[in-house]
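Notes follow the structure.
Number of protein chains: 2
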Amino acid sequence: MNSSTTNIFDTKLDLTFDRIVDLPKELIWKAWTQPQHLMPWFCPLPWKTIACEIDLQPGGLFRTVMQSPEGQTFPNNGCYLEVIENERLTWTNALLPGFRPIAGIAQPESAVDFKFTASVHLESLDKKTRYTAIARHADEAGCKQHAAMGFEQGWGIALDQLIAYVKKL
Amino acid sequence: MNSSTTNIFDTKLDLTFDRIVDLPKELIWKAWTQPQHLMPWFCPLPWKTIACEIDLQPGGLFRTVMQSPEGQTFPNNGCYLEVIENERLTWTNALLPGFRPIAGIAQPESAVDFKFTASVHLESLDKKTRYTAIARHADEAGCKQHAAMGFEQGWGIALDQLIAYVKKL
Numbered sequence: 034m035n036s037s038t039t040n041i042f043d044t045k046l047d048l049t050f051d052r053i054v055d056l057p058k059e060l061i062w063k064a065w066t067q068p069q070h071l072m073p074w075f076c077p078l079p080w081k082t083i084a085c086e087i088d089l090q091p092g093g094l095f096r097t098v099m100q101s102p103e104g105q106t107f108p109n110n111g112c113y114l115e116v117i118e119n120e121r122l123t124w125t126n127a128l129l130p131g132f133r134p135i136a137g138i139a140q141p142e143s144a145v146d147f148k149f150t151a152s153v154h155l156e157s158l159d160k161k162t163r164y165t166a167i168a169r170h171a172d173e174a175g176c177k178q179h180a181a182m183g184f185e186q187g188w189g190i191a192l193d194q195l196i197a198y199v200k201k202l
Numbered sequence: 034m035n036s037s038t039t040n041i042f043d044t045k046l047d048l049t050f051d052r053i054v055d056l057p058k059e060l061i062w063k064a065w066t067q068p069q070h071l072m073p074w075f076c077p078l079p080w081k082t083i084a085c086e087i088d089l090q091p092g093g094l095f096r097t098v099m100q101s102p103e104g105q106t107f108p109n110n111g112c113y114l115e116v117i118e119n120e121r122l123t124w125t126n127a128l129l130p131g132f133r134p135i136a137g138i139a140q141p142e143s144a145v146d147f148k149f150t151a152s153v154h155l156e157s158l159d160k161k162t163r164y165t166a167i168a169r170h171a172d173e174a175g176c177k178q179h180a181a182m183g184f185e186q187g188w189g190i191a192l193d194q195l196i197a198y199v200k201k202l
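As you go down the protein sequences, you meet chains Y and R in turn. Residue numbers for the first sequence follow this note's numbering, beginning at 34 and rising by one. Residue numbers for the second sequence follow this note's numbering, beginning at 34 and rising by one.
If you want it as structure tokens, here you go:
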């Protein structure tokens, strides 16, 4: 079932982020899949996530709206591709709900002007979780742009925020 | 589970094809999901399908190569999105295996230069099957282009070929 999505990794096209997290995977899953639990941590501060819609099924909407410190807003509309509870969540900004392809080469007004598919994998290690994120891009330009935006640092800060938020619950 | 993909239909963006077929859905599913049983019927004659690769899982490759009567070949690379045995098969040419977005606005060298997601739905009606196909497009231009290529006629001829092929097995 998962050979194609977990094994495909192209060092020229893809980025990955990997960490052991001191939380059970069920709590990480919850923070990723419920709007009220995603908004508090999803954007590295001082950016904020001011809106979130989740239709948690393949073909369903994953929408966030980010706000810059200056108050500018950036909507991101995506579509879930894989929803395997507590294990793997995959979505893309290349499709809209119902798996409809986006028009053009990227979504207008989004914070990113390249297409990517992202996947979060969760694996239990005793009471901790191995947390792996993969971002797959259409071409090297998109991959480099994502890396230059601070992919690794951004995912790291967001994960720190997720952990801090969940531990306060 | 299937509300988002079955309910989204936009008359300006989407095309549909619907017919009652005198075959059980299991045989139609087989003809859609095994290369040796897909190639004989998939292209309206005198076009031919000269190659086919199927990795039947979400994220897996769906590749066909079509050949025109003049001998020109057109590769079509797609990615499966939903694989629900004997019920629904969904794929798109906007993603490649591993759900990787395609570069640019369409695949080079393909027989179509617009993005779409296609879904085949099979529903048993006694020993017959209600066969519904939906093609979802990014924009009106793509939808009109697909309609002008003969979407409805093409799917009808291909389905006639499928039925004739399966009845000879």
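Even glycine gets a Cβ: it sits at the ideal position worked out from N, Cα and C.
Quick one: list the residues of chain Y neighbouring residue i, beta-carbon separation under 8 Å, in chain order.
i: R:Asp172; result: Ala136
i: R:Leu114; result: Pro91, Gly92, Leu114, Phe132
Whose Cβ in chain R lies nearer than 7 Å to the Cβ of residue i?
i: Y:Ala127; result: Ala127, Leu128, Pro134
i: Y:Glu118; result: By Cβ distance, chain R contributes nothing, its closest Cβ being about 12 Å from Y:Glu118, past 7 Å.
Determine whether the beta carbon atoms of residue i and residue j lie at a separation below 8 Å.
i: Y:Leu114; j: Y:Thr150; result: yes
i: Y:Glu121; j: Y:His154; result: A small correction: the amino acid at residue 121 of chain Y is Arg; Glu does not occupy that position in the sequence shown. Against a cut-off of 8 Å, the Cβ pair of Y:His154 and Y:Arg121 comes out as a contact.
i: Y:Cys112; j: Y:Thr97; result: no
i: R:Val199; j: R:Leu78; result: no
i: Y:Leu94; j: Y:Pro68; result: no
i: R:Thr162; j: R:Lys58; result: yes
i: R:Trp74; j: R:Gln194; result: yes
i: R:Thr125; j: Y:Pro141; result: no
i: Y:Ile138; j: R:Gly137; result: yes
What is the C-beta distance between residue i and residue j, in whole angstroms, given that I count them as a contact (C-beta under 8 Å)?
i: Y:Phe147; j: Y:Gln178; result: 5 Å
i: R:Ala197; j: R:Thr49; result: Wrong, their Cβ atoms sit about 23 Å apart, outside the cutoff.
i: Y:Met72; j: Y:Ala144; result: That pair is no contact at about 15 Å.
i: R:Ile53; j: R:Leu128; result: R:Ile53 to R:Leu128, Cβ: 32 Å. No contact.
i: R:Pro108; j: R:Trp80; result: Not quite, the Cβ-Cβ distance comes to about 14 Å (not below 8 Å), so this is no contact.
On the DSSP letters alone, give me the boundaries of the alpha helix (DSSP H) that residue i sits inside.
i: R:Asp47; result: Where R:Asp47 is concerned, there is no enclosing alpha helix (DSSP H), although the beta strand (DSSP E) it sits in stretches over 47 to 54.
i: R:Ala139; result: Per DSSP, R:Ala139 belongs to no alpha helix (DSSP H) and is neither H nor E.
i: R:Cys176; result: 173 to 181
i: R:Asp193; result: 184 to 201
i: Y:Ile61; result: 58 to 66
Could you check where the beta strand (DSSP E) with residue i kicks off and where it finishes?
i: R:Pro108; result: 106 to 117
i: Y:Lys148; result: No beta strand (DSSP E) contains Y:Lys148, which DSSP labels as neither H nor E.
i: R:Lys160; result: Element bounds for R:Lys160: n/a, residue is neither H nor E.
i: R:Thr97; result: 94 to 100
i: R:Glu86; result: 81 to 87
i: Y:Leu122; result: 121 to 125
Using alpha carbons as the reference points, say which of the options lies closest to residue i.
i: Y:Gln90; options: Y:Thr165, Y:Thr162, Y:Glu118; result: Y:Glu118
i: R:Ser152; options: R:Arg133, R:Lys201, R:Tyr164; result: R:Tyr164
i: Y:Ile61; options: Y:Ala180, Y:Glu156, Y:Gly175; result: Y:Glu156
i: R:Leu202; options: R:Lys63, R:Glu103, R:Leu46; result: R:Lys63
i: R:Asn110; options: R:Phe132, R:Gly183, R:Pro102; result: R:Phe132
i: R:Asp88; options: R:Thr82, R:Cys76, R:Trp65; result: R:Trp65
i: R:Leu46; options: R:Ile190, R:Gly183, R:Cys176; result: R:Cys176
i: R:Asp43; options: R:Val116, R:His70, R:Ala168, R:Cys76; result: R:Ala168
i: R:Ile190; options: R:Asp51, R:Cys76, R:Ile41; result: R:Cys76
i: Y:Ile41; options: R:Gly92, R:Ile41, R:Asp51, R:His70; result: R:Gly92
Could you list which residues in chain Y have their beta carbon closer than 7 Å to that of residue i, in chain order?
i: R:Phe149; result: Pro134
i: R:Thr123; result: Phe132
Please indicate yes or no: does the CB of residue i lie closer than 7 Å to some heavy atom of the ligand COA?
i: R:Asp193; result: By its list of ligands, the structure shown contains no ligand whatsoever, and the ligand COA lies outside what it can speak to.
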